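Engineer: I am attaching a structure below and will ask some questions about it afterwards.
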Amino acid sequence: MRRHIHADVRLCALYEFKLGHSVNVALNNLIRAYGANVLSAHTLQNWYRRFRRGDESLKREKRKSPIDESELKRLIEENPRIRMADLTRHFGVSNKSIRHHITSIAQGEFRIYIRTKTVGSILLQFSFMIE
Numbered sequence: 102m103r104r105h106i107h108a109d110v111r112l113c114a115l116y117e118f119k120l121g122h123s124v125n126v127a128l129n130n131l132i133r134a135y136g137a138n139v140l141s142a143h144t145l146q147n148w149y150r151r152f153r154r155g156d157e158s159l160k161r162e163k164r165k166s167p168i169d170e171s172e173l174k175r176l177i178e179e180n181p182r183i184r185m186a187d188l189t190r191h192f193g194v195s196n197k198s199i200r201h202h203i204t205s206i207a208q209g210e211f212r213i214y215i216r217t218k219t220v221g222s223i224l225l226q227f228s229f230m231i232e
């Protein structure tokens with residue numbers, strides 16, 4: 102499993118691009134510096150494509166998510182004991198994606214309690230903090 106590419110690796114990729122190095126040469130240099138799992142050739146090709154378009158910003162582009170966080174929050178508020186399997190089926194995404202979005206919308210508003218293996222599924226319980 103590949104980790105997110107950190108800003109220092111993206112900066113090195115831009116440096117390699119400005120030197121005129123090909124994707125393959127740049128990838129080999131990055132692997133020597135950061136290790137074999139630093140990034141894939143496909144990811145580096147995407148960065149090079151951005152650089153060629155003139156976009157030298159090193160910020161990651163956010164992907165469009167199939168999860169509408171306001172809808173996710175509404176579903177959980179309506180049924181605090183909703184099963185993770187129901188949420189994954191509703192949005193058509195993995196458990197990991199649902200958990201990521203729950204954490205994202207939480208931001209101190211509520212605490213999350215996760216219980217595993219409850220009749221073969223995961224139950225989420227929310228304790229909302231009202232101010």
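The opening residue of the sequence shown carries number 102 in my numbering; numbering runs sequentially from there. The beta carbon of each residue, even a glycine, is placed where N, CA and C say it ideally should be. If you're wondering where the values come from, they're calculated on a predicted model, not measured in any experiment.
Anyone know if the C-beta pair for I199 and F192 falls short of 8 angstroms?
Structural biologist: Yes, Cβ-Cβ distance for I199 and F192 is below 8 angstroms.
Engineer: Rounded to a whole number of angstroms, what is the C-alpha to C-alpha distance between A127 and E157?
Structural biologist: Each residue's alpha carbon lies about 16 angstroms from the other.
Engineer: How many angstroms separate the CA atom of L115 from the CA atom of F152?
Structural biologist: Taking the straight line joining both Cα atoms gives about 7 angstroms.
Engineer: Are there 16 or more other CB atoms within 10 angstroms of the CB of E178, so buried, or fewer, so exposed?
Structural biologist: Exposed, because fewer than 16 other Cβ atoms sit within 10 Å of the Cβ of E178.
Engineer: Assuming H202 and E170 make a contact with CB atoms under 8 angstroms, what is their CB distance in whole Å?
Structural biologist: Between E170 and H202 the Cβ distance is about 6 angstroms, and since that is below 8 angstroms, they are a contact.
Engineer: Straight-line CA distance for T204 to S195?
Structural biologist: If you take the alpha carbons of T204 and S195, they lie about 14 angstroms apart.
Engineer: In whole angstroms, give me the CA-to-CA distance for N138 and I132.
Structural biologist: In a straight line, the C-alpha of N138 is about 7 angstroms away from that of I132.
Engineer: Let me know the secondary structure DSSP gives R182 once reduced to three states.
Structural biologist: Three-state result, R182: coil.
Engineer: For S123 and L159, I'd like the C-alpha separation in whole angstroms.
Structural biologist: Approximately 19 angstroms, taken between the alpha carbons.
Engineer: Please report the straight-line C-alpha distance between L173 and L188, rounded to a whole angstrom.
Structural biologist: Answer to the nearest angstrom: the Cα atoms are 8 angstroms apart.
Engineer: Report the rounded CA-to-CA distance for N238 versus N147, giving the unit in angstroms.
Structural biologist: With the chain covering only 102 through 232, there is no way to say anything about residue 238.
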